[in-house]
Structure formats: structure tokens, C-alpha cells
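Sequence positions in the sequence shown follow my numbering and run -12 to 271. All residues carry an ideal CB built from backbone N, CA and C; glycine is no exception. Accompanying notes for the structure given below.
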Amino acid sequence: MAPQVLRTVAEVKAWEAALRKEGRRLALVPTMGFLHEGHLSLMREGRRRADVVATSIFVNPTQFGPKEDLGRYPRDWEGDLARCAGAGVDAVFAPEPSVMYPQGYQTYVEVTEVSQGLCGERRPGHFRGVATIVTQLLCLFRPEVALFGEKDYQQLQVIRALSRDLHLGVDVVGMPTVREPDGLAMSSRNAYLSPDERKRALALSRGLGKAQALFRAGTGEAGVLLDAVRQELRAADLREDYVELVDAERLTPLATVRSGQPARLLVAAFCGATRLIDNQPLGG
């Protein structure tokens, strides 16, 4: 069955109020569309955790910088709607930008610590836009659970912080990165890659895999682990944006990591003109 399409705030409020009257548990999966298996895994997990699943398809302009790819961000409305139906989504919220940011809009949400460094440093204002739209969606839908992919790991930590600090009462669930059979992390931006770039992009996951193997063999020094990733990026002629080893919760840099210590190894690099990100858990 095709999901119900909601376009306005009033439609969302009426739909959500009807759920509350029935006492049904809601899972929300915010997206920017051009859906792939990573998104669908969140929707299916939402179905497992709740009675009703809603998703949003909204290319949020406030999280794009002036030189970023807002205008060419890939879109596939009919395909997305069919994929949502196949994943058991009950409702899709697909507003115009003017619905979320009407004339006179002036309220923004900023998470001040875990948004620093990494993508927050390279994309100024990005997480302000993310935090603002996600807060709007959580306040509109009031879900019991909201699901996000761990591929965008810093984003996940930003959303966890805003939900906690603003007492939004939602269980923010991070789901493992879904990968192509050859290891490339699924991303809507993979559509930008030429066949040659697609092959070269495997350097991200390959480098993370080598670093993880070193860690499992007893190497905990950040310099050695980071260099393993950088060697793969250089060999594939990718331009490093960052490679960092950080505390898994605070996202502060680590000089070493030991077994049982929650840590993440994160990488961002340009493959041609396309910026790709990936990450791997280490330690606990």
C-alpha cells in the first residue's frame, strides 16, 4: 500500500493527533530522499520498533553551504515513494522549503560541542541546519523513536545531544552503516561518481579496514592507525579532507586507543569533485 503523503504542517499535526488517539507508537526516519538500502534498513527497523513508521523527504537548504551541491543533489520522488511503500512506511512528509522556513522564520538550533571539528569545521553552518530541521521534525511528529545511520556519525552525535538537552523524549537510534558488496558505504552522493571514481572511492573503506586490522593486532597509536588510512587515500589519488581518531561520544581527538575504549576512526575525502565520508568503530 502506498504511504500517505503529507505536505503541510497542518496535515502532519492532524495525522499525528489521530495516532495519539489510537495509542500507537511512532518511528520517524528523516531523509533527504534519493533513497538507498541504508535508508530502507532504518525504515524496516522502525517497523520492528513501532506500530507506525513515518519518513520525511526534504532536501534541507539550511545545511548546504553557498558552494555546496544543493541545486544538483539527486532526487527521485516516484522511486522514493515506491521504496517507502516496499519498506512498510505509513506516511511520507515531503514539504516545500517555504513550509519549513516560512517568511519571517528566525529560530535555529545549535549544538555547541560535538558539532565542532570534523565535518563541522569543514562545512560551517552545516550542523546548525541539521539540528534545526531535525528539531522541527521531532517536535512535529513527536515520535517515540527516530532512526539515523551511523555513516553520518557526527550528525548522529549532534542529534543525540539535541534530543537529550532539549528533553524531546525520543529514543535516537543509530543503525550500522550499510555497504555495497565491495565495501563502499552507501550514500546518495555515490551517484555523482564516474566508473573510475567509483573504484577509487573504495580506498576509504579499504583504509578503515586496514586500520581496524592493525588495532585488532594490538596497535593503538593514533598516528599508525591514521597513516594506514592515508596510505590508501594517496594510492587511489583521493584528496584527504580529514582522517581522525576520536572518542566515540565526545568526538574529541585521541592519541591512543585501547581495547574496551569506545572510539571511532573517521575519514572524509574528495574523489574527483565528490566529497565522501566513512567511519569505523574501534575499541569498545
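Taking DSSP's pairing of strands, which residues face residue i in a bridge?
{"i": "I266", "result": "Going by the sequence as given, residue 266 is Asn instead of Ile. According to DSSP, N266 bridges with L253."}
{"i": "G161", "result": "F135"}
{"i": "D234", "result": "A250"}
{"i": "C258", "result": "T261"}
{"i": "R166", "result": "A172"}
{"i": "G39", "result": "In the sequence under discussion, the amino acid at residue 39 is Val, which differs from the Gly named in the question. Answer is L13, bridged to V39."}
{"i": "E184", "result": "Answer is none; E184 lacks a bridge partner."}
{"i": "Y229", "result": "A255"}
{"i": "T239", "result": "DSSP lists no partner for T239."}
Starting from residue i, follow the alpha helix (DSSP H) in both directions and report where the run begins and ends.
{"i": "D214", "result": "A209 to A222"}
{"i": "L27", "result": "E24 to R36"}
{"i": "L135", "result": "According to the sequence provided, residue 135 is Phe. The question's Leu does not apply to it. Not the alpha helix (DSSP H): F135 falls in the beta strand (DSSP E), residues V132 to G136."}
{"i": "L15", "result": "Careful: L15 lies outside any alpha helix (DSSP H), inside the beta strand (DSSP E) at L13 to T18."}
{"i": "R203", "result": "L189 to R203"}
{"i": "E(-2)", "result": "V(-4) to E9"}
{"i": "H113", "result": "H113 to F128"}
{"i": "G140", "result": "The sequence shown places Tyr at residue 140, not Gly. Y140 to D152 is the extent of the alpha helix (DSSP H) around Y140."}
Which residues in the same chain have their Cβ closer than 7 Å to the Cβ of residue i, if we skip the five residues on either side of it in sequence?
{"i": "E219", "result": "A190, R193, G194 and K197"}
{"i": "D169", "result": "L189"}
{"i": "T18", "result": "H26, T42, S43 and I44"}
{"i": "R11", "result": "D38 and V39"}
{"i": "P61", "result": "F21, S175 and A178"}
How would you write the range of the beta strand (DSSP E) that residue i sits in, first residue to last?
{"i": "V(-8)", "result": "Q(-9) to L(-7)"}
Excluding sequence positions up to five away, which residues of its chain have a Cβ less than 6 Å from the Cβ of residue i?
{"i": "P163", "result": "E137"}
{"i": "Q267", "result": "L195, Q199 and L252"}
{"i": "A(-11)", "result": "A72"}
{"i": "R166", "result": "A172"}
{"i": "V101", "result": "Q144, V145, A148 and L238"}
{"i": "D158", "result": "V132"}
{"i": "A242", "result": "A209"}
{"i": "V76", "result": "P(-10), M30, V40 and T42"}
{"i": "Q141", "result": "L105 and C106"}
By Cβ distance below 8 Å, which residues in the same chain neighbour residue i in space, the five residues on each side in sequence not counted?
{"i": "E3", "result": "L13, L127, F128 and R129"}
{"i": "L180", "result": "A188, C258, G259 and T261"}
{"i": "V160", "result": "E32, R36, V132, A133, L134 and F135"}
{"i": "L125", "result": "L15, A133, S150, L155 and V157"}
{"i": "R185", "result": "L171 and N177"}
{"i": "A235", "result": "P249, A250, R251, P268, G270 and G271"}
*Counting Cβ pairs closer than 8 Å, one from the segment 35 to 48 and one from the segment 63 to 83, do we hit at least three?*
These segments touch.
*asked:* With three or more beta-carbon pairs closer than 8 Å as the criterion, would you say the segment 116 to 128 touches the segment 45 to 63?
replied: The segment 116 to 128 is in contact with the segment 45 to 63.
_Secondary structure, beta strand (DSSP E): runs of 3+ residues fully inside the segment 41 to 107_ = Qualifying beta strand (DSSP E) stretches, in chain order: 78 to 80.
_Does the contact criterion of 3 or more C-beta pairs under 8 Å hold for the segment 84 to 93 versus the segment 204 to 212?_
Taking a contact to require three or more Cβ pairs closer than 8 Å, the segment 84 to 93 and the segment 204 to 212 do not qualify as touching.
_Check whether the segment 222 to 239 and the segment 122 to 138 touch, using three or more Cβ-Cβ pairs below 8 Å as the test._
With the cut-off at 8 Å, the segment 222 to 239 and the segment 122 to 138 do not touch.
_Touching by the beta-carbon criterion (3+ pairs, under 8 Å), the segment -7 to 7 and the segment 50 to 65_ = The segment -7 to 7 makes no contact with the segment 50 to 65, as fewer than three CB pairs between them are under 8 Å.
*Using 8 Å as the Cβ pair cut-off and three pairs as the minimum, do the segment 169 to 179 and the segment 14 to 33 touch?*
Contact holds: three or more Cβ-Cβ distances are below 8 Å.
*Segment contact, 8 Å Cβ cut-off, at least three pairs: the segment 96 to 110 with the segment 80 to 88*: Segments in contact, no.
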